[in-house]
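First comes the structure, then the notes that go with it.
Residue numbers (this note's numbering): -3 to 169.
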């Protein structure tokens, strides 16, 4: 299943967190913490259509729609609504790999980029792929696709759109 700027999901689609993805992210976090990496057990996971609508509208009010569309999904277009995406934080509550974050945060983000595929995840919005995904880089945003697919996407250094041979980029409207 895909949600991106070309492929929305219905407002009524509300599966909650996928149990397999949730177990995998919990194992990823446990293993990272066992290596003394600064990754919190608190994370941003499933987000309903209504929650995404509120979040997106707040960003539009603050930054304008054009800028908000570069870093926030419109309601119905968010991977969080699929129950397969997670935003990871450090123990201070800062998104992994975010601009101006601490050295320990950056180390955790680097580990995530190099190891997420082993748990079935891809770092969904990587630097250099903004035109293909339609979003600025987000080192903290991981998407569950399963270990085999994740390893292939990682080894080929491609986007989920490229793997599925579908469009991403900009909204149709």
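In this text, a Cβ means the ideal position worked out from N, Cα and C, and glycines have one as well. Owing to the predicted nature of the structure, the values given are computational and were not obtained by experimental measurement.
- Apart from the 5 residues on each side of it in sequence, residue 1 sits with its Cβ closer than 7 Å to the Cβ of 73, 130, 164, 165, 166, 167 in its chain, given in chain order.
- Closest in alpha carbon position to residue 145, among 125, 112, 83, is 112.
- Of all C-beta pairs linking the stretch 44 to 53 to the stretch 106 to 121, fewer than three are shorter than 8 Å, placing the two stretches out of contact.
- With fewer than three CB-CB distances shorter than 8 Å, the stretch 88 to 95 does not count as touching the stretch 63 to 79.
- Ranked by how close their Cα comes to the Cα of residue 147, the residues 115, 3, 52, 134 have 115 in first place.
- Beta-carbon to beta-carbon, residue 14 and residue 140 are separated by about 7 Å, close enough to satisfy the 8 Å threshold.
- If you compare the alpha carbons of 127, 18, 89, 9 with that of residue 65, the shortest gap goes to 127.
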